[in-house]
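Just below is one structure, and these are the notes that go with it.
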Amino acid sequence: MCKKTKKLMIIAANAQKWRCYYCDYPIWDKDHEEFAKTYALKDGPLRLLRATAEHLIARCDGGADTQDNIVAACDHCNKTRHKAKVPLSPLEFRAKVRRRLAKGRWHSFRNPQITVARKKSQHTPRIDHSPASNHRDAHDNKR
């Protein structure tokens with residue numbers, strides 16, 4: 001991640017109270033040891049919750065490295081959103097993640113400490129959900 005993108009991700013993470021934009025699980029950037037102790041996590045789940053810069057409109061679709069296009073997301077949510085043949089818009093993906101979380105079917109690990117912290121956070125995202133934020137990848141419309 002380049003310095004500019006990293007800086008924008010950190011600004012987003014601070015605004016989101018270091019919670020993933022999609023799943024609302026806590027995320028970390030530098031102090032993984034303290035994070036692992038706080039949430040009693042092993043290496044596998046720990047890696048899934050590493051903070052990443054998520055472009056709401058992908059760079060390959062013309063999305064810019066700007067604050068209004070970057071949110072902080074856990075590694076798992078970021079990678080999963082972009083693996084889909086037809087990637088969902090940020091709002092659609094977020095709704096899907098929240099539905100799956102409610103059924104206990106999103107992250108591959110269970111952690112009561114994270115679940116309790118997630119319920120307490122209920123943060124309001126800082127992102128303006130304008131029509132541009134609901135963008136599907138341009139290549140999807142060509143199919």
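Under the working numbering, the first residue of the sequence shown carries the number 1, and numbering increases by one thereafter.
No residue lacks a Cβ here, since even glycine has one placed at the ideal position from N, Cα and C.
Taking the straight line between their C-alpha atoms, what separation do you get for Lys-4 and Asn-69? 13 Å
In terms of alpha-carbon separation, which member of Gly-62, Asn-78, Asp-65 and Gly-63 lies closest to Arg-156? Absent from the model: residue 156. The displayed extent of the chain is 1 to 143, so no value can be given.
Can you give me the C-alpha to C-alpha distance between Ala-36 and Leu-101, rounded to a whole angstrom? 21 Å
Residues in its own chain within less than 8 Å of Tyr-21 by CB, not counting five upstream and five downstream? Ala-12, Glu-54, Val-71, Ala-72, Ala-73, Cys-77, Pro-90, Arg-94, Pro-125 and Ile-127
Find out if the Cβ-Cβ distance for the pair Arg-50, Ile-27 is shorter than 8 Å. yes
Can you tell me whether His-55 is helix, strand or coil according to DSSP? strand
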